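Chemist: Residue numbers (the numbering used here): 3 to 335. Let me give you the structure first, and then I'll get to my questions.
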Amino acid sequence: MMDSAIAAKPHERLAEVLADDMAAVNALIRERMESRHAPRIPEVTAHLVEAGGKRLRPMLTLAAARLCGYGGPWHVHLAATVEFIHTATLLHDDVVDESAQRRGRPTANLLWDNKSSVLVGDYLFARSFQLMVEPGNLRVLDILSNASATIAEGEVLQLSAAQNLATDEKVYLQVVRGKTAALFSAATESGAVIADAPEDHVRALFAYGDALGIAFQIADDLLDYQGDSDATGKNIGDDFRERKLTLPVIKAVAQADDDERAFWKRTIELGRQEAGDLDHALELMDKYDTLSTTRNDADRWADKAKSALATLPDHPIRTVLHDLADYVVARLA
């Protein structure tokens, strides 16, 4: 029989190794999402926070701190900070995208309304800043506050880039580094800093988080076109229907002839989509093999994440982080 530690997925193994820390994080999250005067805040927050997400980002903070030998209490506050920032961005994203489903459940903006989602997201951002101040570490505050600004900047950039056929892979990477990778790298870097790790270890964990976040987002974009709807909680082609220029489409547009470019302009830029357009979009991606080349890009970023770990101390958590980089892309299998 296969050993359970080997059979388990890397994020599950990480959760097991960090079980006590994560219990403390979850308790702190429940405590800080309470509101004495506005009961809708915990209602909306609990709907998303307790929806069965992997808690990957806060686990990265805990893992980085433990990998660097940290024995204090403040990594729990930083991990809760990261989760609050992430949850706030999800609430805002669902309003911007007019989404009706996340993690297989109705979104908060659908169950309540857009106003509640935006304002509760603002509340969680405010809570995250309260949490990140408490350790009294100015460098950590700088890392996490800069990440918050970078995430917002990436989301705004995506508004202008997502439906513009002039968007190329360089701009796409800039968006991904902002809206996704910034929080991954802040999670790992802040964990190393709170542990007072040597500078080369801090840089390595930043690089790991950055590359892991990029691989994660590229894989997510691929899952939109070739994933299992039951597993992802999304319908195949949601990004196409929402007119998002993600990497598989950007690669197809770059190679399109005049007729194909006219198709992309009509469906993505102008938003005039008709029956059969998604199938045609998939045919064009197949014609230029953009799903495979996008997968190659995800693999390459996962390899960069694994390479970044090479300078870190030998530790069971380092092994799990190495496997996690493979897993974020292996989800596509």
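Ideal Cβ positions, reconstructed from N, Cα and C, are used throughout, including at glycine. Quantities reported herein were computed from a predicted structural model and do not represent experimental measurements.
Taking the Cβ atom as the reference point for each residue, do ALA194 and ALA66 lie within a distance shorter than 8 Å?
Modeler: Here residue 194 refers to the residue found at position 192 of the sequence shown. Here residue 66 refers to the residue found at position 64 of the sequence shown. Yes, the pair counts as a contact, with Cβ atoms nearer than the cut-off.
Chemist: Provide the residue span of the alpha helix (DSSP H) that contains TYR210, from first to last.
Modeler: To locate residue 210, count along the sequence shown from 1; it is residue 208. Counting along the chain, the alpha helix (DSSP H) containing TYR210 begins and ends at 201-228.
Chemist: Using a 10 Å radius around the Cβ and a threshold of 16 neighbouring Cβ atoms, would you call LEU140 buried or exposed?
Modeler: To locate residue 140, count along the sequence shown from 1; it is residue 138. Classification of LEU140: exposed, given that the 10 Å Cβ count is below 16.
Chemist: Assuming contact is defined by CB atoms lying nearer than 8 Å, are LEU93 and VAL122 in contact in what I supplied?
Modeler: Residue 93 sits at position 91 when you count from the first residue of the sequence shown. Residue 122 sits at position 120 when you count from the first residue of the sequence shown. For LEU93 and VAL122, yes; Cβs fall inside 8 Å.
Chemist: Got a sec? Which residues, its chain only, sit under 8 Å from LEU293 by beta carbon, not counting five neighbours each side?
Modeler: In the sequence shown, residue 293 corresponds to position 291, counting from 1. If we look at LEU293 and ignore the five residues flanking it on each side, its Cβ neighbours are LEU224, TYR227, GLN228, PRO250 and MET287.
Chemist: When DSSP labels each residue in this structure, what does ALA164 get in the three-state scheme?
Modeler: As a position in the sequence shown, residue 164 is number 162, starting the count at 1. Reduced to three states, the DSSP call for ALA164 is coil.
Chemist: Could you check if ASP5 is buried or exposed, using at least 16 other CB atoms within 10 Å of its CB as the buried criterion?
Modeler: Position 3 of the sequence shown, counting from 1, holds the residue named residue 5. Below a pLDDT of 50, predicted positions are generally treated as unreliable, and ASP5, at 45, falls in that range; the measurement from the model is reported next regardless. ASP5 should be labelled exposed.
Chemist: Check whether the Cβ atoms of ALA304 and VAL322 sit closer than 8 Å, and answer yes or no.
Modeler: Position 302 of the sequence shown, counted from the start, is the residue given in the question as residue 304. Position 320 of the sequence shown, counted from the start, is the residue given in the question as residue 322. Not in contact: ALA304 and VAL322 (Cβ atoms no closer than 8 Å).
Chemist: Once the 5 residues before and after LYS117 are set aside, which same chain residues still bring their CB inside 8 Å of it?
Modeler: As a working note, residue 117 is residue 115 in the sequence shown. If we look at LYS117 and ignore the five residues flanking it on each side, it has no Cβ neighbours.
Chemist: Just how far apart, CA to CA, sit LEU214 and LEU64?
Modeler: Position 212 of the sequence shown, counting from 1, holds the residue named residue 214. Position 62 of the sequence shown, counting from 1, holds the residue named residue 64. Each residue's alpha carbon lies about 16 Å from the other.
Chemist: Would you mind sorting SER162 into buried or exposed? The rule is 16 or more other CB atoms within 10 Å of its CB.
Modeler: Reading the sequence shown from its first residue, position 160 is the one you call residue 162. Exposed, by the Cβ-count rule.
Chemist: In chain order, what residues of the same chain lie with their CB nearer than 7 Å to the CB of PHE208, ignoring the 5 residues before and after it?
Modeler: As a working mapping, residue 208 is identified with position 206 in the sequence shown. Cβ neighbours of PHE208 beyond the five flanking positions: SER187, THR190 and GLU191.
Chemist: Please report the distance separating the alpha-carbon of GLU157 from that of THR248.
Modeler: Locating residue 157 in the sequence shown gives position 155, where the first residue counts as 1. Locating residue 248 in the sequence shown gives position 246, where the first residue counts as 1. Near 14 Å, if we compare the C-alpha coordinates of THR248 and GLU157.
Chemist: Using a threshold of 8 Å, state whether the C-beta atoms of VAL142 and ILE196 are closer than that.
Modeler: As a first step, residue 142 is located in the sequence shown; it is residue number 140 there, counting from the start. As a first step, residue 196 is located in the sequence shown; it is residue number 194 there, counting from the start. Result yes, Cβ atoms of VAL142 and ILE196 sit closer than 8 Å.
Chemist: So, for GLU14: in the same chain, excluding its five sequence neighbours on each side, which residues have a beta-carbon less than 8 Å away from its beta-carbon?
Modeler: Sequence index remark: in the sequence shown, residue 14 carries index 12 (1-based). If we look at GLU14 and ignore the five residues flanking it on each side, it has no Cβ neighbours.
Chemist: Looking at C-alpha atoms only, which residue of ALA258, ARG34, VAL255 and PRO44 is the closest neighbour of LEU133?
Modeler: For the purposes of this step, residue 133 is taken as the residue at position 131 of the sequence shown. Closest option to LEU133, Cα to Cα, is ARG34.
Chemist: Taking the straight line between their C-alpha atoms, what separation do you get for ALA264 and VAL173?
Modeler: In the sequence shown, the residue the question calls residue 264 occupies position 262. In the sequence shown, the residue the question calls residue 173 occupies position 171. Their Cα atoms are separated by approximately 21 Å.
Chemist: Quick check: what's the CA-CA separation for ASP260 versus GLU276?
Modeler: In the sequence shown, counting from the first residue as 1, residue 260 sits at position 258. In the sequence shown, counting from the first residue as 1, residue 276 sits at position 274. Approximately 19 Å, taken between the alpha carbons.
Chemist: Does DSSP put ARG42 in a helix, a strand or coil?
Modeler: As a working note, residue 42 is residue 40 in the sequence shown. In this structure, ARG42 counts as helix in the three-state DSSP scheme.
Chemist: Could you give the distance in angstroms between the alpha-carbon of LEU113 and the alpha-carbon of PHE127?
Modeler: Counting from 1 along the sequence shown, the entry for residue 113 is found at position 111. Counting from 1 along the sequence shown, the entry for residue 127 is found at position 125. In this prediction, LEU113 scores a pLDDT of 47, lower than 50, which makes its location untrustworthy; the coordinate-derived value is nonetheless stated afterwards. Taking the straight line from one Cα to the other gives about 21 Å.
Chemist: Going straight from the alpha carbon of LYS306 to that of ASP299, what length do you get?
Modeler: Sequence index remark: in the sequence shown, residue 306 carries index 304 (1-based). Sequence index remark: in the sequence shown, residue 299 carries index 297 (1-based). The straight-line gap from Cα to Cα measures roughly 11 Å.
Chemist: How many angstroms separate the CA atom of ARG333 from the CA atom of ALA221?
Modeler: Residue mapping note: residue 333 aligns to position 331 of the sequence shown, counting from 1. Residue mapping note: residue 221 aligns to position 219 of the sequence shown, counting from 1. Near 8 Å, if we compare the C-alpha coordinates of ALA221 and ARG333.
Chemist: By how many angstroms is the C-alpha of ASP279 removed from the C-alpha of ASP328?
Modeler: Along the sequence shown, one-based indexing puts residue 328 at 326. Along the sequence shown, one-based indexing puts residue 279 at 277. If you take the alpha carbons of ASP328 and ASP279, they lie about 33 Å apart.
Chemist: Quick one: is GLN257 buried, meaning 16 or more other Cβ sit within 10 Å of its Cβ, or exposed?
Modeler: Position 255 of the sequence shown, counted from the first residue, corresponds to residue 257. Per the 10 Å Cβ criterion, exposed.
Chemist: Whose C-beta lies closer than 6 Å to the C-beta of GLY273 among residues of the same chain, with five residues either side of it excluded?
Modeler: Along the sequence shown, read from residue 1 onward, the residue named residue 273 stands at position 271. Cβ neighbours of GLY273 beyond the five flanking positions: ARG245.
Chemist: Could you work out which residue in THR89, LYS267, ALA168 and GLU262 is closest to LYS181 when comparing CA atoms only?
Modeler: Position 179 of the sequence shown, counted from the start, is the residue given in the question as residue 181. For the residues THR89, LYS267, ALA168 and GLU262, the minimum Cα distance to LYS181 belongs to THR89.
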